[in-house]
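Encoded as C-alpha cells, the structure appears first; notes follow it.
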Amino acid sequence: MNVEAQGMRIVINGREDLVSVDPGSCMGDVLDEVRDLFRANRIAILEMRLDGEPFENAQQDALRSDSTDSYGALEVEAVELEVLFRDVLASIREHLPRVSERLTDITAKIQGGDVTEAFARLDEVLEAWGLVLGAVENLRRLLSLSNLSILGVDEVLAVREEQLRKLLEEVRDAIRNQDLVTLGDCLEYELSPMVREWTDVVDSLEKAVASGNTSSE
C-alpha cells in the first residue's frame, strides 16, 4: 500500500487519508495488511463494509483472490482496543452488583421458607449471570482478534467462564428437580463467592489496561 495510489478506497472511521491501495492489488493481501496494521497499533476492527454492504469473514475468504479494482470502497469501523476493554469491563462491573443483590435476596427467601417467591426470581439471577458471560465472551473475542495478551488473562477467563457455566447448569438442574438443598448451597456457597472472584478479576484487568501492562503476541 502507498499514499497516492488509485483504485479501491479504504475508509477508516470516515477518513480516506490513512491508507490506500495500489491498482491491481489482491483483496486478500490488502485485508491482511489492514489487519496487521491494526494489530500493531492495538486497534480492533468492529465492522467492515465493501461497497456499502456488510463484509463478513466468509465473504472476505471468498473474495481473497479478487482484484481490488473490481470494488469502489472498503469501509472499516475500528476502535482502540483499550477503549473496548474498558467498555466491556465496565459492563461486567455493572452487572455484578445486581447479581449479588439477587443472590442475597433469593437465598434469604429460601432460608425463610418463601420458596415460591425465590423460584420466581431465579430467572433474574440466571439472566444477570448470562449478561456477565456475554461480556466475558466479548472480551475473549477481542483478545483473540487483536492478538493481544494482558497478563495471561485469556487463560484465567477461560477457566472461570467454564466454572460459571457448569455452576449455572447445576442451578438449572436443581430448579428442574425442585432440589432446595442443592439450590441453596449453590447460591450461597458457590455463586455468591464467585461474584467476589469476578470482581477481583475485573479489578486486575482494569489496572492492567490503565497501566499499559499489555503486550502484542
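Using this note's numbering, read the sequence shown as starting at 360 and increasing by one per residue. Beta carbons are placed, not taken as given, at the ideal position from N, Cα and C, and that holds for glycine. For clarity, every value in this text was computed on a predicted model and none was experimentally measured.
Nearest-angstrom beta carbon gap, residue j and residue i [assumed within contact, 8 Å]
i	j	result
E434	R398	Incorrect: roughly 19 Å between the Cβ atoms, too far for contact.
T431	D410	Looking at the sequence shown, residue 431 is not Thr but Gly. Correct: roughly 5 Å between the Cβ atoms.
L405	H454	Not quite, the Cβ-Cβ distance comes to about 22 Å (not below 8 Å), so this is no contact.
L526	L542	So it is not a contact: roughly 12 Å between Cβ atoms.
W557	I469	About 22 Å; that fails the 8 Å criterion.
L492	E520	7 Å
Euclidean distance between Cα positions of residue i and residue j
i	j	result
L523	L539	20 Å
D425	E441	34 Å
T466	L443	35 Å
R423	A403	21 Å
V560	M367	44 Å
P382	I369	13 Å
P413	A479	41 Å
Close beta carbons around residue i, own chain, < 6 Å, minus the five adjacent residues each side
i	result
S447	Reading the sequence as shown, one finds Val at residue 447 and not Ser. Answer for V447: A494, N497 and L498, listed in chain order.
Residue i burial status per 10 Å Cβ neighbour count (16 or more: buried)
i	result
S302	What is shown of the chain runs 360 to 576, which leaves residue 302 out entirely.
R555	exposed
V484	buried
R374	exposed
A449	exposed
R577	Residue 577 lies beyond the residue range present for the chain, which begins at 360 and ends at 576; the question has no answer from this structure.
A477	buried
A533	buried
V530	buried
V474	exposed
Close Cβ partners of residue i (< 7 Å) along its chain, the five nearest in sequence each way excluded
i	result
T427	G366, M367, V380, S384, M386 and V389
R457	A487
Curious, which full-length alpha helix (DSSP H) runs of at least 4 residues does the stretch 437 to 512 contain?
440 to 470 and 474 to 505
- Starting from the N-terminal side, write out each stretch of the alpha helix (DSSP H) that is 4 residues or longer and does not extend beyond the stretch 523 to 556. 539 to 544
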